[in-house]
Structure formats: C-alpha cells, structure tokens
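**Q** Below you'll find the structure I mean.
Number of protein chains: 2
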Amino acid sequence: MIKISKMADYAVVVLEVLARPHNDPISASYIAEQTKLPDPTVSKVLKLLARRNIIASVRGPSGGYILPSQPETISIASIIEATDGPIAITDCVSSAGNCCERSSICSIHGRWDKVNAALVQAMENMSLKQVMKNYE
Amino acid sequence: MIKISKMADYAVVVLEVLARPHNDPISASYIAEQTKLPDPTVSKVLKLLARRNIIASVRGPSGGYILPSQPETISIASIIEATDGPIAITDCVSSAGNCCERSSICSIHGRWDKVNAALVQAMENMSLKQVMKNYE
DNA sequence: ATTATATAGGACTAAATCAGTACTAATTGA
DNA sequence: TCAATTAGTACTGATTTAGTCCTATATAAT
C-alpha cells in the first residue's frame, strides 16, 4: 500500500494552525484544542517536526512552537521525511546491494530507484501552502 | 511510510520473466524457479495480475500465463493498483467526507487529493519497460 | 470418461509495523 | 523555588501485511 503514516497527515493539520498569523509561540495543548486531535499525539508530531527544524520550539512557561518559514517554501516531501523517515518505496531503494537475499540474481535490483525519485520529486514540488484550504 | 507492498515488488520481478520472448504460456512454478521466489507467493501475485487483466491465463495442462501487451504500455501505477488496490496515500483521499470523525472541522480535508493525484500521475507515466534492466 | 496438470479463489496464521500513551528529564519565566 | 512547557524514550495494543494452505474449476491428453 502506498500510504503515508497518520503522523504525516497530522503534521500538515498541525502546521496549518502554526501557519495562521500570530505573535507568541503556540503551545501543543492549544493546537490539540484547535484540531481536536489527542494531546499526546499532537506533542509527538510537533517534536518530530522540531527535530527536523521544520518548526522552532521555545521551552518554559509561555513557550511553544513557531513556524519560521513561509508555507510556500515548505515541501510536502520534507514534512513526510520528518515524520516517516526517508522516502523509500521498497527496501531495495538506495541500499547498496544488500536489500534482500535475491539481490545478486534479481532482474529488477536497483530499478525501483527511478520510480522512487519520481515520487520524491513530485512531493518536493508540492508545498504546504498548496494543501491548505485557502490555496487553489 | 510511503512503501509499496512486497507483492507489488514481486509483481514487477514476475512480469519481467513474462516479458521475455516465448511462445507457450509460462507456468507459475517455472517463474518461481527463475526468480527464486516461493512458489505460493508467485502464484498469488500472478492471480492478482490476471484478475486485473495485466496478464492472461490459460488453465489446464501446459497452461500458464502470457503477457498480452508490450512492457512499454504497462504502467507502474496499474501494476501497483493490481496488487495493492487503489492508490490512496490517506484514508481521506477520494472518500466523500466520511474519512474520519474530524472531517467536518478538518482544515486539510480533501487536500491530500492533489498530492495523491501527482503521485498517481508520476506512476502512470512510468512503464514496466522503464524498470527493466535492459532499458536506460 | 478419466486422469494429471494448472489456474482461481478464499481462508487462515504468524510476523512486522504503526498508533497511541505514558513516564521521566530538561528548560525557563515569574 | 515553582509551575509551565518542550525533549526524549519506552511500552502496549491494534492493525496490516506476508506467506501458506486448502478446495474448486478448467482443460489437454489418453
């Protein structure tokens, strides 16, 4: 199945809240309220995004998260990579020959790379802004 | 995780054997030999492909499978759809509003469709031939 | 007709993965 | 020092997938 994880799905929902105009950092609990997603889940997603520097975090009271970049400049590929890890549609993609026992005789070995690259490119060309409702 | 199933992976390996020049139908067991994949697994993949008419089957003794089309005309999208079902990166894609409890308030509802469409298109534009080794 | 060979279809089990939660540590403003 | 908030990690239950097996159906050869 070609599916993104729910975490990646949630990430976009969460980022949409952070993309709204605001001054102070926005807390995880506020985002959970707004999105009606469970608090721990929202926290987890925010941590993943912060670790990859898609968002910035501020600790302490009145801390929270900030979106430092414009939604136009954040690619869907980067969001998915932050939550799901590197995009690789098969184990064979970018694994140097030891993806499975069959690799030495496999007539397709290394060939999924092209498909993978095409998908990555498609998602790099699509921005957060493009999946937000105000955009057409 | 954006991953295709192993079945889809196997499907391409199996189709490569069927794409080799031949006259008579090729049996599942012969393909299993050639690919070193387990017999039941190969059978399962072949059945999935036959049901979607990507390959044709002949029953009875000296029966087997045939590839009726040229590898250039078989898209990666059609192969993945045959083994994995419709391509939908989230439950929200092409579901008329009842994908999850949050759909009525979701700021992203319906918005993954565009990403999904881009991925489908990328895979429709890529043929079986393009993932076979002799092709550059 | 009978038999052997091959696919069709569905059901089942074990393994891997993911979603979700909880807990503890670290940071910082008041 | 306390309270609020993020950081990191570990755990559990649920879901999905992979792989196998069994029975039914079709057909060529005899």
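Residue numbers (the numbering used here), protein chains in the order written: chain A, -12 to 123; chain B, -12 to 123. For each residue, glycine too, the CB sits at the ideal point set by N, CA and C. Note that the coordinates shown come from a computational prediction; the quantities given were computed from them, not determined experimentally.
Could you name the residues that DSSP lists as bridge partners for Y(-3) (chain A)?
**A** According to DSSP, Y(-3) (chain A) bridges with nothing at all.
**Q** By Cβ distance, which residues of its chain are closer than 7 Å to E3 (chain B), with the 5 residues on each side in sequence left out?
**A** M119
**Q** Please determine, among B:Q117, B:N10, B:I76 and B:L54, the residue with the shortest C-alpha to C-alpha distance to G97 (chain B).
**A** For the residues B:Q117, B:N10, B:I76 and B:L54, the minimum Cα distance to G97 (chain B) belongs to B:I76.
**Q** In three-state terms, what does DSSP make of V45 (chain A)?
**A** strand
**Q** In the DSSP output, what is I67 (chain B) paired with across the bridge?
**A** Answer is none; I67 (chain B) lacks a bridge partner.
**Q** Kindly provide the ranges of any beta strand (DSSP E) runs that are 3 or more residues long and lie completely inside the segment 2 to 64 of chain A, ordered along the chain.
**A** 43 to 45 and 51 to 53
**Q** If you draw a straight line from the alpha carbon of N112 (chain A) to that of I63 (chain A), how long is it in whole angstroms?
**A** Near 8 Å, if we compare the C-alpha coordinates of I63 (chain A) and N112 (chain A).
**Q** Tell me, please, whether the segment 11 to 18 of chain B touches the segment 37 to 55 of chain B by the rule of three or more beta-carbon pairs shorter than 8 Å.
**A** yes
**Q** Determine, using beta carbons only, whether A15 (chain B) comes closer than 8 Å to chain A.
**A** no
**Q** What in chain A is Cβ-close to I67 (chain B), meaning under 8 Å?
**A** I(-11)
**Q** Closer than 8 Å, CB to CB, is V118 (chain A) near chain B or not?
**A** yes
**Q** Please report whether the beta-carbon of V(-1) (chain B) lies at a distance below 8 Å from any beta-carbon of chain A.
**A** yes
**Q** Using the rule of at least 16 other Cβ atoms within 10 Å of the residue's Cβ for burial, across every protein chain shown, is K125 (chain A) buried or exposed?
**A** This structure cannot speak to residue 125 (chain A), because chain A is shown only from -12 to 123.
**Q** Name the chain A residues whose beta carbon is nearer than 8 Å to that of A105 (chain B)?
**A** A109, M110, N112 and M113
**Q** Would you call Y45 (chain A) buried or exposed, if buried means 16 or more other Cβ atoms sit within 10 Å of its Cβ?
**A** It should be pointed out that residue 45 (chain A) corresponds to Val in this sequence rather than to Tyr. Burial is judged here by how many other beta carbons sit within 10 angstroms of a residue's own beta carbon; V45 (chain A) has fewer than 16 and is exposed.
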